[in-house]
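Inspection log for the structure reproduced underneath, given as structure tokens.
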Amino acid sequence: MKNFIGKKFIDFTIPAVMANGSINKNFNFYKETENKNILIFFYPMDFTFVCPSELIAINNRINDFKSRNVEVLGISVDSCYSHNAWIKTSLENGGLGGSLNYVLLSDIKKDISSYLGILDDISGVSYRASFVLDVFKTVRVQHINDFPIGRNIDEYVRLFDAISFYNEYGNVCQAGWVSGSSGIKPSSDGIGSFLKSNYKNL
Numbered sequence: 001m002k003n004f005i006g007k008k009f010i011d012f013t014i015p016a017v018m019a020n021g022s023i024n025k026n027f028n029f030y031k032e033t034e035n036k037n038i039l040i041f042f043y044p045m046d047f048t049f050v051c052p053s054e055l056i057a058i059n060n061r062i063n064d065f066k067s068r069n070v071e072v073l074g075i076s077v078d079s080c081y082s083h084n085a086w087i088k089t090s091l092e093n094g095g096l097g098g099s100l101n102y103v104l105l106s107d108i109k110k111d112i113s114s115y116l117g118i119l120d121d122i123s124g125v126s127y128r129a130s131f132v133l134d135v136f137k138t139v140r141v142q143h144i145n146d147f148p149i150g151r152n153i154d155e156y157v158r159l160f161d162a163i164s165f166y167n168e169y170g171n172v173c174q175a176g177w178v179s180g181s182s183g184i185k186p187s188s189d190g191i192g193s194f195l196k197s198n199y200k201n202l
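Note that full-length UniProt numbering gives residue 130 to position 130 of the sequence shown, counting from 1, and the numbers run on in steps of one.
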């Protein structure tokens, strides 16, 4: 994966299955996510094994993301028609159970995955890559998982809280920071005071 931290995420226009189930053949990333924080996550393929657990886990937490002004976008190299079929497939048959409350994008030409450096050369599908963007489309976090390793969705909720906390207060977020923690004043005195009081709890 290339390093995009601190850089603006690329704009693109590709097909998408919208949250209401309709197909938008010309979904423009910048336009559709204006003034939003963004979680854009890549997954290998529809109708696979780890993938439905991740997409359902995100769907179960969609209100947590919406309350933080986060637009969630899933993306794979499948077509929109495959996405639609997978959404409509029952849970017991490995599908998404009939509905999804966020957008699924189709990188069927593989241009975006290739540009980002997350396309597996052998299988021709994307790794489990995630990008956390602020409202300016700046990449604040990027992660990549190998195919068999599912993501912890609660961690992405925490990351948006951490970004918001830093933007508001200027204090940095220590290991294991959670919402409600005080953070660290970014100075020699600040880190010294924090470590003296909290090192056993890290």
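From the three backbone atoms N, C-alpha and C, an ideal C-beta is built for every residue, glycine too.
*Hey, is the region 52-72 in contact with the region 155-170, meaning 3+ C-beta pairs nearer than 8 Å?*
yes
_I need the DSSP call for Ala85, collapsed to helix, strand or coil._
helix
*Nearest to Asn201 by alpha carbon, out of Pro186, Trp177 and Asp189?*
Trp177
*Secondary structure of Pro15, DSSP reduced to three states*: strand
*Could you pull out every residue in the same chain whose Cβ sits closer than 7 Å to the Cβ of Ala57, ignoring the five residues on either side in sequence?*
Ile153
*Stretch-stretch touch, CB-based, cutoff 8 Å, three pairs: the region 73-90 with the region 33-47*: yes
_Closest residue to Asn24 among Ser193, Val125, Ser106 and Ala129 (Cα-Cα distance)_ = Ser106
*Going by other Cβ atoms of all chains shown within 10 Å of its Cβ, with 16 needed for buried, is Tyr169 buried or exposed?*
exposed
*Locate the beta strand (DSSP E) running through Leu73, then write down its first and last residues.*
Val70 to Ser76
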